[in-house]
Amino acid sequence: MKSVGKRKTIIVLFLSTIALYECGRANIARPHLHVFSHRAANRGIPDKSSDPQHLADNPLCPASICFLSIGDFGVGTEAQAKVARQMGNYAEKYGAAFVLGLGDNFYGSGVRSTNDPQWESKFESVYTHNALRNIPWYMSIGDHDHLQSPLAQVEYTKDSSRWRMYDLYYSKHIYFTGKSSKGFSLQLVVTDSVGLEGDVATGPASRRWPEIIEHDPTANKAAGARQFAWLQDVLPKSTADWLIVAGHRPILTGGKRSRTDSEQAFMTRMKGICGQHNVSLYINGHDHTAQHLVDEAGVNYIVNGLGGYDVHGVHALPETRWNATDFHGFALHMLSHDRMEVKWVDSSGNVVGHINIPRRSH
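Numbering (mature numbering (1 follows the signal peptide of the UniProt record, and there is no 0)), first residue to last: -26 to -1, 1 to 336.
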């Protein structure tokens, strides 16, 4: 019994360190490690990921589909609130069809349940503009989100009119059928980076926060192997004009932060998969920077982790096309049949970056 007590003490101290370091607060709750069935359908979540979203002409959008993306935002600070206000303004101005969330939705250690007060303080009462309330938010899960109950964020889909996390990983089809321009299809493949790392990790010591992650059944080797198998099934079957893969961890980045061995292995494996299956774009958070990179296979990468938490440094790689790290903000994506225009917007509403991504041929 003494050894068990010591182990609990170690875990409590470890999580206290995370809370103090990551959020500057000592009141982050201790994670509860629950064993969940992996598939959302087994937990009573209606699986609507297979129901496509159909979009018609939008006179506010200069392209065919306008949407927003944001990562690393769930901090409950004024920085997050300022970004949220500008997101609402831009969503209204451009008629945004949806928001794509890139993980670390709740700092410093995720949520306990669907009744966790952080749902209100870090999401519902922050993104209050009607233009953000009335569109779906397609969400991915981050490493901080894995530290308590990751599947509580899946379950919240039942309770919310906008939060959409059909499972820890899922695919969503979106079709533009307007008359003003050529119709096309978009497939969002939303991944769980921490879960995928489980299959490439060489042991608990190779992972971030090993004392917690080693007990997470959604992030172990079996879970990672299942998700990689799913990914290798979904991607080659895609017939979408635009194939976008989203996740929390970067695959290609100039961000100045440490990488664990499992993260490095994940990056190597995923880079090969994206090139093999002609992915149009991989988009992620985790690095609190804004970046656009293009690899030797022609795959585009966007890093977008400036939603509210402290920023990281960044340096240019040979693959870098643009980067910045001196602001909090989000990205506006304007998608047409042939190209995607992306504008990074800061918390004052200024456009601070602007890129164009051509559609890859199949």
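For each residue, glycine too, the CB sits at the ideal point set by N, CA and C. Every value quoted in this text rests on a predicted model; they were computed, and no experiment measured them.
- At a cut-off of 4 residues, the continuous stretches assigned as alpha helix (DSSP H) that sit fully inside the stretch 132 to 206 are 167 to 174, 184 to 187.
- Here DSSP, grouped into helix, strand and coil, assigns threonine 294 to strand.
- A residue is called buried when at least 16 other Cβ atoms come within 10 angstroms of its Cβ; glutamine 265 meets this threshold and is buried.
- With contact defined as three or more Cβ pairs closer than 8 Å, the stretch 148 to 156 and the stretch 100 to 111 are not in contact.
- Under the DSSP assignment, isoleucine 247 falls in the alpha helix (DSSP H) whose first and last residues are 235 to 250.
- Distance check between arginine 59 and each of His103, Gln27, Val73 places His103 closest, using alpha-carbon atoms only.
- Straight-line spacing of the CA atoms in histidine 311 and glycine 152 works out to 11 Å.
- C-alpha of histidine 286 to C-alpha of threonine 299: approximately 7 Å in a straight line.
- By the C-beta density criterion, glycine 157 is exposed, having fewer than 16 other C-beta atoms within 10 angstroms.
- Put simply, the stretch 202 to 221 touches the stretch 163 to 179. At least three CB pairs are less than 8 Å apart.
- Of all alpha-carbon atoms in Val85, Ser155, Gln161, the one lying nearest the alpha-carbon of glutamate 129 is that of Val85.
- In the DSSP annotation of this structure, the continuous segment of the alpha helix (DSSP H) that includes tyrosine 68 starts and ends at 52 to 68.
- Partner residues in a beta bridge of proline 124, as assigned by DSSP, do not exist.
- Excluding sequence positions up to five before and after aspartate 320, its CB lies within less than 6 Å of the CB of Phe301, Gly303, Val326, all in the same chain and listed in chain order.
- For leucine 309, the secondary structure class from DSSP, reduced to helix, strand or coil, is strand.
- Taking asparagine 324 as reference, the option from Val57, Arg223, Ser24, Val277 with the minimal CA-CA separation is Val57.
- The C-beta separation of tyrosine 112 from leucine 74 comes to about 5 Å, placing the pair in contact by the 8 Å criterion.
- Within the same chain, and ignoring the five residues on either side of arginine 136 in sequence, the residues whose Cβ sits closer than 7 Å to its Cβ are Arg107, Ile109, Pro110, Trp111.
- Judged by DSSP secondary structure, asparagine 108 falls outside any alpha helix (DSSP H); it is assigned neither H nor E.
- The distance from the Cβ of threonine 131 to that of tyrosine 144 is about 10 Å, inconsistent with a contact at the 8 Å cut-off.
- Excluding its 5 nearest sequence neighbours in each direction, asparagine 330 has C-beta neighbours in its own chain below 8 Å: Arg313, Met314, Glu315, Val316, listed in chain order.
- Rounded to whole angstroms, leucine 34 and aspartate 235 show a C-alpha spacing of 45 Å.
- Excluding the 5 residues flanking it on each side, proline 332 has same chain C-beta neighbours closer than 6 Å at Arg313, in chain order.
- Inclusion of aspartate 78 and histidine 260 in the CB contact set at 9 Å is warranted, their separation being smaller than that value.
- Taking alanine 126 as the centre and dropping the five residues before and after it, the same chain places the C-beta of Val85, Ser87, Thr88 closer than 6 Å to its C-beta, in chain order.
- In this chain, histidine 286 is not harboured by any beta strand (DSSP E), its DSSP state being neither H nor E.
- A residue is called buried once 16 or more other Cβ atoms fall within 10 Å of its Cβ, and glutamine 250, having fewer, is exposed.
- Sorting Phe80, Leu280, Thr192 by C-alpha distance to the C-alpha of glutamate 171 places Thr192 at the top.
- Counting only the Cα atoms, serine 43 lies some 26 Å from alanine 239.
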